[in-house]
Amino acid sequence: MAVAETKSFQNYIDGEWVDAVHGETFESVSPATGELIGVFPRSGAEDVDRAVAAAKAAYEKWRLVPAPRRGEILFRFGQLLIEQKDELALLMTREMGKVLPEAGGDVQEAVDMSFYMAGEGRRLFGHTTPSELPDKFNMSVRMPIGVIGVITPWNFPIAIPSWKIAPALVCGNTVVFKPATDTPLLGERFVELLAEAGVPKGVVNIVHGGGGAVGDRLVRHPDVPVITLTGSRETGVEVLRAAADGLKHVHLELGGKNAVIVMDDADLELAVDGIVWSAFGTSGQRCTAASRVIVHERVYDELASRLVVAAEKLRLGPGWEPDTDVGPVINKTALDKIHSYTEIGEGEGARLLTGGEVASGDGLGQGFYYRPTIFGDVEAQMRIAQEEIFGPTTALIRVSDVDEAIRVANGIRFGLSSSIFTRDVNTAFRAMRDLETGITYVNAGTIGAEVHLPFGGTKETGNGHREAGQAALDVFTEWKSIYVDYSGRLQKAQIDTAET
Ligand code: NAD
């Protein structure tokens with residue numbers, strides 16, 4: 000598919016589209032064909048500073064806009080996303096490669112999040128509590144915090160910005176947004192639509208550029224009290240360190256190494272469908288991708304052979320072609336990394352059951368395609384079973400009972416998503432209790448979160464926060480406790496309670 004017109008794009012700061020101060024640029028290129036998608040400003044510290052200054056100034060008015068009014072803008076934004084869904088999905092397929100139905104799902108998630116957070120404008124519940132003193136009223140309310148630095152990855156280029164920016168705005172904060180350099184055009188469209196929905200100037204700003212120049216400056220900027228980042232574990236650690244001196248609130252959504260458990264009483268057909276979707280959807284480039292499959296020994300051989308058949312049926316190609324099941328991976332670096340893990344797996348003694356190679360026939364050579372890959376006979380401690388590959392590779396691990404399955408599932412540094420296929424309600428409830436992940440599915444794959452539930456992980460997947468649902472509000476607000484004394488005399492709490 001030809002990109003109709005390649006354009007130069009700009010930053011959006013204080014309601015104006017502007018070039019980077021130093022005029023440098025970078026290109027966004029389609030991973031499906033190598034086509035140029037657009038040219039974007041390679042921004043630096045001065046651009047970040049300008050955007051933060053605009054967001055800081057805009058905050059003074061925005062925080063006083065009644066929350067239901069802020070929510071109404073998000074309703075309009077959600078409606079615009081619905082109207083533009085097809086166009087955005089096609090852009091997404093071109094810019095980052097996922098197949099059209101998944102790209103539509105990415106946009107839909109942003110629609111759902113915008114509507115959910117818009118409704119939050121009429122809730123933002125606090126608490127009222129009794130006082131320990133007479134004629135005194137106590138309450139706690141949520142307060143906005145200020146300028147939020149939003150740093151996002153490329154794999155959900157519309158959904159993830161919405162998980163952060165929609166709650167940030169409804170809570171009364173302003174935003175400086177740095178999208179990934181692999182998906183700047185989708186970041187750009189996201190902000191254009193927010194402006195069209197009525198977000199006032201300065202309230203949302205976008206600054207394009209790399210993690211080192213733009214991201215790091217945002218993280219260290221003294222006028223940015225909150226950073227919300229979705230990305231790799233390594234980036235999360237760097238950001239946390241950089242933010243330490245400013246004692247900032249840092250919200251991190253990081254990597255995963257998610258497991259599907261298949262017990263001997265499972266519906267194997269359902270399990271195969273769930274695993275194929277979770278392991279190879281978005282070419283395995285989901286934080287919740289099923290990159291480990293922990294299988295009861297009694298059904299291991301049967302499941303392995305069914306999975307291989309299913310994986311080999313998947314058709315690779317550009318995501319906009321209707322018969323494509325699996326699109327490209329994001330770039331050459333990712334392709335090389337994914338293939339290096341095939342070599343690592345073979346070197347470790349795992350058995351390559353299918354895939355394990357770059358796909359280049361049938362015109363695929365212009366893009367970055369990797370064959371869906373399944374390793375068998377994987378030991379739980381092998382690197383391919385421990386490290387995030389972020390590609391269409393999954394590892395089958397044999398176990399003898401549910402205790403071992405849960406032990407293996409938990410035996411990693413990450414804790415994002417997990418799943419179990421079983422027909423035994425007791426086994427299901429044990430797994431729901433004992434799997435150390437922020438999300439657990441029963442008789443479904445490891446992907447498919449809904450926006451009104453908390454989303455995030457335990458252990459090194461993050462630092463204890465959650466996005467989505469009511470939990471997201473804790474990232475974007477501070478609690479304030481308020482005491483109103485209407486007794487007309489000085490009452491000393493904790494001291495004179497006995498005198499009442
Ligand atoms: P990445 O860590 O390379 O980049 C993420 C963002 O951080 C980008 O915008 C990047 O420019 C920026 N960045 C990089 N270094 C920075 C620095 N020093 N300071 C500030 N910003 C910096 O990740 P990616 O390759 O874009 O995305 C893939 C990763 O994201 C995977 O590890 C995946 O598991 C994770 N992810 C997690 C979730 C989740 O919710 N837990 C969701 C999606 C993706």
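First residue of the sequence shown: 0, per numbering that gives the first Met the number 0; consecutive thereafter. Just so it is clear, CB atoms sit at the ideal spot from N, CA and C, and this is done for glycine as well. Computed from a predicted model, the values in this text were never measured in an experiment.
Whole-number beta carbon distance between residue j and residue i, since they are thought to touch under 8 Å
i           : j           : result
residue 180 : residue 209 : 6 Å
residue 29  : residue 36  : 6 Å
residue 470 : residue 162 : Rounded, the Cβ-Cβ distance is 11 Å, inconsistent with contact.
residue 96  : residue 329 : 7 Å
residue 224 : residue 247 : 6 Å
residue 185 : residue 90  : 6 Å
residue 149 : residue 227 : 6 Å
residue 438 : residue 416 : 4 Å
residue 472 : residue 166 : 6 Å
residue 326 : residue 98  : 5 Å
residue 146 : residue 51  : 6 Å
residue 501 : residue 259 : Since the displayed the chain opens at 0 and closes at 499, residue 501 lies outside it and no answer follows.
residue 407 : residue 427 : No, residue 407 and residue 427 are not in contact; Cβ-Cβ is about 17 Å, not under 8 Å.
residue 245 : residue 54  : That pair is no contact at about 16 Å.
DSSP state of residue i mapped onto helix, strand, coil
i           : result
residue 484 : strand
residue 1   : Summary for residue 1: the model assigns pLDDT 46, below 50, so the residue's position carries little reliability, and this model does not support an answer.
residue 460 : coil
residue 191 : helix
residue 338 : helix
residue 139 : strand
residue 393 : strand
residue 10  : strand
residue 479 : strand
residue 70  : helix
residue 204 : strand
residue 19  : coil
residue 179 : coil
residue 148 : strand
residue 413 : strand
residue 39  : strand
residue 401 : helix
residue 500 : Outside the modelled stretch of the chain, which goes from 0 to 499, sits residue 500, for which no answer is possible.
residue 76  : helix
residue 367 : coil
residue 499 : Low local confidence applies: a pLDDT of 46 at residue 499 is under 50, so the model's placement there is unreliable, and no value is given.
residue 274 : helix
residue 492 : coil
residue 466 : strand
residue 443 : coil
residue 358 : strand
residue 24  : strand
residue 298 : coil
residue 425 : helix
residue 96  : coil
residue 51  : helix
residue 242 : helix
residue 343 : helix
residue 133 : coil
Counterpart residues of residue i in DSSP-defined beta bridges
i           : result
residue 250 : 227
residue 353 : 373
residue 260 : 293, 419
residue 29  : Partner(s): none; residue 29 has no beta bridge.
residue 126 : 139
residue 174 : 147, 203
residue 454 : 466
residue 438 : 416
residue 325 : 315
Cβ of residue i within 8 Å of any chain C Cβ
i           : result
residue 481 : Going by chain labels, chain C is absent from the structure shown, which holds only one protein chain.
Candidates the options: closest to residue i by CA position
i           : options            : result
residue 345 : 266, 419, 382, 34  : 382
residue 253 : 386, 331, 61, 57   : 386
residue 64  : 277, 363, 171      : 171
residue 290 : 71, 393, 374, 360  : 393
residue 451 : 315, 68, 117, 222  : 117
residue 398 : 292, 198, 310      : 292
residue 16  : 373, 447, 242, 190 : 190
residue 460 : 426, 412, 492, 8   : 412
residue 264 : 419, 319, 141      : 419
residue 188 : 295, 480, 51, 84   : 84
residue 173 : 142, 302, 317      : 142
residue 362 : 316, 455, 121, 168 : 316
residue 267 : 421, 276, 474      : 421
residue 153 : 391, 251, 183      : 183
residue 343 : 374, 7, 492        : 374
residue 352 : 112, 110, 102, 306 : 306
residue 127 : 448, 434, 481      : 481
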